[in-house]
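Counting in the numbering used here, the sequence shown runs from 1 upward without gaps.
Every residue, glycine too, gets a C-beta built ideally from N, C-alpha and C.
Okay, structure first, notes after.
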Amino acid sequence: MLTLSIQLALGQNSYKSLLTPISLETTKTDQDRKVKWVPYSNAQGAYSIEIPDVPMKQMDREVENPLDPEGQPYYMNIEFISDPKLDFNYLIRYNDQPEGYYLVNQEEVLETLGSELANGIELVGDPIPFEEQGVKGFIAYLSFFNTYNGVFKFYFRGNRSYAIMAQAKEKGDKVDIDSRFFTSFKLEPFQEDQISDFVFEDLFQLEAPTEMRLFTETEGTPADEFLYTRTYTGTSDFTGGLYMVETSKLNSLYRTQDVDTYLVGALDDLLEYKDSIAEKELIDINGVRGIRARILNPNTNVQQFIQTMYVDDHLVQLYSCVGQEEIDLGLINGFLGSFTYTRKAPKMDIRAPKTKEIVAALLSSDTTQVKRGQTALLYHDFTTADIDLLLSAMSYEAVEDQGYEKNKTDLIIPITKLGNQSHMDGLLAYYQQDQTPEKVREEIVSEFLNFQELQADKKLMDLLLTDPPKRTEETFLAFYQLEDSLHLIKKYPQQLAALYRNDDFKDLLVGLYADHIMGEDDLPEMFSALQEAITEDIQTQLRKYNDAATRDKEFYLNDSLIYYYMSIAESDPAVDAEKSGAILKAIYTPYAKEPWTKTEALLKYMRMGYEADPEILKQYMDPFYSRYEIMEALFNAELADVIPQQYLAPDSFTELCVYNYVGDYIGEYNNEVEKMGEIEDSGVRVGVYKVLSTSDESEPILAIGVIDSPDPEDFSVTPAYTEFDEVKTAWKAQARALLRSYKEALGE
Numbered sequence: 001m002l003t004l005s006i007q008l009a010l011g012q013n014s015y016k017s018l019l020t021p022i023s024l025e026t027t028k029t030d031q032d033r034k035v036k037w038v039p040y041s042n043a044q045g046a047y048s049i050e051i052p053d054v055p056m057k058q059m060d061r062e063v064e065n066p067l068d069p070e071g072q073p074y075y076m077n078i079e080f081i082s083d084p085k086l087d088f089n090y091l092i093r094y095n096d097q098p099e100g101y102y103l104v105n106q107e108e109v110l111e112t113l114g115s116e117l118a119n120g121i122e123l124v125g126d127p128i129p130f131e132e133q134g135v136k137g138f139i140a141y142l143s144f145f146n147t148y149n150g151v152f153k154f155y156f157r158g159n160r161s162y163a164i165m166a167q168a169k170e171k172g173d174k175v176d177i178d179s180r181f182f183t184s185f186k187l188e189p190f191q192e193d194q195i196s197d198f199v200f201e202d203l204f205q206l207e208a209p210t211e212m213r214l215f216t217e218t219e220g221t222p223a224d225e226f227l228y229t230r231t232y233t234g235t236s237d238f239t240g241g242l243y244m245v246e247t248s249k250l251n252s253l254y255r256t257q258d259v260d261t262y263l264v265g266a267l268d269d270l271l272e273y274k275d276s277i278a279e280k281e282l283i284d285i286n287g288v289r290g291i292r293a294r295i296l297n298p299n300t301n302v303q304q305f306i307q308t309m310y311v312d313d314h315l316v317q318l319y320s321c322v323g324q325e326e327i328d329l330g331l332i333n334g335f336l337g338s339f340t341y342t343r344k345a346p347k348m349d350i351r352a353p354k355t356k357e358i359v360a361a362l363l364s365s366d367t368t369q370v371k372r373g374q375t376a377l378l379y380h381d382f383t384t385a386d387i388d389l390l391l392s393a394m395s396y397e398a399v400e401d402q403g404y405e406k407n408k409t410d411l412i413i414p415i416t417k418l419g420n421q422s423h424m425d426g427l428l429a430y431y432q433q434d435q436t437p438e439k440v441r442e443e444i445v446s447e448f449l450n451f452q453e454l455q456a457d458k459k460l461m462d463l464l465l466t467d468p469p470k471r472t473e474e475t476f477l478a479f480y481q482l483e484d485s486l487h488l489i490k491k492y493p494q495q496l497a498a499l500y501r502n503d504d505f506k507d508l509l510v511g512l513y514a515d516h517i518m519g520e521d522d523l524p525e526m527f528s529a530l531q532e533a534i535t536e537d538i539q540t541q542l543r544k545y546n547d548a549a550t551r552d553k554e555f556y557l558n559d560s561l562i563y564y565y566m567s568i569a570e571s572d573p574a575v576d577a578e579k580s581g582a583i584l585k586a587i588y589t590p591y592a593k594e595p596w597t598k599t600e601a602l603l604k605y606m607r608m609g610y611e612a613d614p615e616i617l618k619q620y621m622d623p624f625y626s627r628y629e630i631m632e633a634l635f636n637a638e639l640a641d642v643i644p645q646q647y648l649a650p651d652s653f654t655e656l657c658v659y660n661y662v663g664d665y666i667g668e669y670n671n672e673v674e675k676m677g678e679i680e681d682s683g684v685r686v687g688v689y690k691v692l693s694t695s696d697e698s699e700p701i702l703a704i705g706v707i708d709s710p711d712p713e714d715f716s717v718t719p720a721y722t723e724f725d726e727v728k729t730a731w732k733a734q735a736r737a738l739l740r741s742y743k744e745a746l747g748e
């Protein structure tokens with residue numbers, strides 16, 4: 001007895017059970033015995049094929065839905081042919097997706113075919129995609145228990161998939177994909193469905209080609225955009241086509257000024273990966289606005305139709321799909337076109353402003369109402385006429401709600417984008433109130449430039465000078481808004497110089513100067529006051545920077561200030577080179593193991609043409625952790641001649657490369673490298689090293705490296721390798737084995 005158990009992808013995200021366990025009874029047969037072949041058709045399955053004139057066995061079965069074990073199962077329609085007179089076993093199978101699920105995705109089926117095969121069944125070669133009879137599919141050659149050959153041919157027809165199989169009963173026999181069984185398979189026209197009426201409350205009704213059943217129901221909260229969403233689905237008994245009705249009740253605080261734009265956005269939200277809109281049109285069904293679209297996806301041989309409508313206080317979306325171009329689309333057009341609005345009087349006007357209700361909710365003492373108002377800020381289209389009311393709500397207490405951050409930014413944004421001069425003044429007045437929380441002040445500042453054509457940049461600059469916010473990550477969004485708008489910055493050279501007196505802004509202004517102003521031909525002179533303030537202050541900052549106690553105490557005394565100054569010193573012609581050189585020398589002298597900023601200062605000093613004291617340079621290059629970066633930087637700056645020769649020697653350089661390789665691989669550089677000896681490979685010297693971690697008590701590991709000097713024309717490491725094995729007593733044999741592994745990894 002042979003057991004076939006192939007589990008393949010068959011759903012939107014994880015299609016399982018394309019094939020299910022089937023027993024194949026085999027008997028020793030006469031290979032030369034011939035049988036008559038007869039036509040066979042299946043009206044329900046909509047296909048025909050030629051088969052041997054022997055009894056056929058029905059093996060229909062239900063299979064658990066892998067996407068939803070509690071949901072509707074897959075129903076497999078299976079016809080199996082096996083007879084002693086036959087040289088092959090045959091199988092014909094078709095099934096539709098369970099209700100509510102989308103189409104077979106051929107790309108995902110192909111990707112998962114090999115990994116989903118059962119034990120004892122192997123895929124031979126890659127599946128071969130094809131397209132015939134207006135649908136797509138693929139051919140898969142299989143080996144059963146490394147003994148019996150078989151071929152499956154899969155067709156994907158909208159929501160339905162077909163699989164036909166022939167399996168040899170004798171060892172080694174081949175299956176011909178061009179045989180009568182495979183070439184005679186034909187997809188037949190679908191039968192017509194019976195029309196069923198679908199009625200949703202008192203809101204609308206339509207005609208569907210099949211009975212629509214509730215598939216999912218999601219309840220929202222009073223703060224959500226939708227109070228609930230209900231999805232009804234039906235699958236045609238004959239076509240396998242999928243039909244869906246989704247209704248979502250809008251929150252009464254929702255407002256959109258442009259229904260058509262809203263509908264386009266709702267349509268886009270429905271699109272899946274690689275979906276594209278082939279065509280779309282705005283429709284009006286007796287006063288109900290909507291948008292109808294035809295959707296294509298290269299991975300599904302299907303036409304999908306979506307009709308999205310605003311129906312009073314609901315968003316209604318109709319979805320349908322069919323499997324072939326030749327299918328009569330009358331059912332689809334009837335489904336979409338039969339929609340009828342039945343409510344006698346509307347309950348909601350989506351265009352009407354609800355600002356009063358939103359403000360009342362925000363200022364409510366009921367937390368649920370506050371959440372409701374906060375969420376409404378996200379999906380309400382405000383106008384200038386709403387801003388006075390919104391300003392009156394600035395004092396509300398924000399609450400956290402399902403990922404909604406506890407802030408007032410969503411209230412501040414419409415005020416700044418739609419407000420006038422009086423609104424800007426009103427927001428500033430709220431900013432300056434003593435009881436205004438610091439976080440809200442930061443939010444106001446960070447959105448302030450939204451006030452367009454109202455000199456908001458001047459107001460913001462005055463605010464930064466007269467009442468600067470404290471240094472926090474949120475605060476400096478405001479400064480970055482100015483920094484990213486160079487056309488605004490150019491208006492305030494003196495103000496920026498004055499702002500430099502605020503310690504919180506020192507390193508940011510140095511960064512602004514180094515990253516933006518310094519590269520502009522017409523700006524350095526304009527900003528001479530800022531440049532002078534920076535260079536005069538650097539000595540003071542440097543003293544604080546070199547005082548560990550002060551640096552640890554004051555957050556703003558950090559590496560970035562010194563680093564940015566070094567950028568100016570190296571690149572800006574407006575900076576006095578001699579004075580800058582002295583400052584850089586003061587930064588890197590005396591030598592200190594940390595931080596890296598000191599090493600950067602040393603490198604910049606040398607790139608400016610100054611000669612570093614050899615003893616200081618040796619101090620910086622002696623530790624492995626900084627030597628590699630310094631050597632690479634000096635090579636790139638064509639200053640390799642200043643590198644002490646001892647570090648260019650092959651043995652020394654190879655040890656460095658081994659250290660760097662191991663450190664890069666494990667992300668840990670607290671290691672010591674000790675050379676144990678050498679082995680030779682085809683005339684090449686290979687060093688053998690013991691690498692010991694100094695940050696834990698782990699045992700030393702073995703590493704190898706090709707002994708060589710750096711290339712003076714193109715600085716790069718020499719080859720190094722390790723497999724992180726502990727050093728053994730017979731380390732030479734261990735090293736040779738490691739070298740073989742290295743060469744195998746290179747493909748030699």
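Keeping to the same chain, check which residues put their C-beta closer than 8 Å to that of residue i; ignore five residues upstream and five downstream.
i	result
residue 447	409, 412, 413, 416
How big is the Cα-Cα spacing for residue i and residue j?
i	j	result
residue 676	residue 688	6 Å
residue 356	residue 293	36 Å
residue 306	residue 435	52 Å
residue 207	residue 156	27 Å
residue 226	residue 129	43 Å
residue 663	residue 490	46 Å
residue 387	residue 426	11 Å
residue 589	residue 647	22 Å
residue 165	residue 667	53 Å
residue 377	residue 220	17 Å
residue 345	residue 186	52 Å
residue 739	residue 537	56 Å
residue 682	residue 742	15 Å
For residue i, count neighbouring C-beta atoms within 10 Å of its own C-beta (all shown protein chains included) and say buried if the count is 16 or more, exposed if not.
i	result
residue 262	buried
residue 720	buried
residue 449	buried
residue 167	buried
residue 366	exposed
residue 464	buried
residue 148	buried
residue 370	buried
residue 38	exposed
residue 456	buried
residue 36	exposed
How would you write the range of the alpha helix (DSSP H) that residue i sits in, first residue to last?
i	result
residue 379	367 to 379
residue 618	614 to 621
residue 46	Where residue 46 is concerned, there is no enclosing alpha helix (DSSP H), given that its DSSP letter is neither H nor E.
residue 744	731 to 745
residue 426	421 to 431
residue 388	387 to 391
residue 96	Careful: residue 96 lies outside any alpha helix (DSSP H), inside the beta strand (DSSP E) at 88 to 96.
residue 629	624 to 636
Excluding sequence positions up to five away, which residues of its chain have a Cβ less than 6 Å from the Cβ of residue i?
i	result
residue 745	none
Can you name the start and end residues of the beta strand (DSSP E) that residue i belongs to?
i	result
residue 261	No beta strand (DSSP E) contains residue 261, which is instead part of the alpha helix (DSSP H) from 259 to 270.
residue 248	242 to 250
residue 275	No beta strand (DSSP E) contains residue 275, which DSSP labels as neither H nor E.
residue 129	128 to 132
Please work out which residues of its chain come closer than 7 Å, Cβ to Cβ, to residue i, disregarding the five sequence neighbours upstream and downstream, and give them in chain order.
i	result
residue 637	607
Using a Cβ-Cβ distance cut-off of 8 Å, determine whether residue i contacts chain C.
i	result
residue 411	Absent from the structure: chain C. Only one protein chain is present.
The stretch 84 to 91 in contact with the stretch 223 to 237 per 3-pair CB rule at 8 Å: Segments in contact, no.
Three-pair Cβ contact test at 8 Å for the stretch 279 to 289 versus the stretch 339 to 348: Contact holds: three or more Cβ-Cβ distances are below 8 Å.
Any 3 or more C-beta pairs closer than 8 Å across the stretch 415 to 432 and the stretch 380 to 391: yes
At least 3 beta-carbon pairs within less than 8 Å: the stretch 721 to 740 vs the stretch 690 to 702: yes
Three-pair Cβ contact test at 8 Å for the stretch 276 to 283 versus the stretch 207 to 222: no
Three-pair Cβ contact test at 8 Å for the stretch 178 to 189 versus the stretch 253 to 270: no
The stretch 709 to 716 touching the stretch 622 to 629, judged by at least three CB pairs closer than 8 Å: Touching, no.
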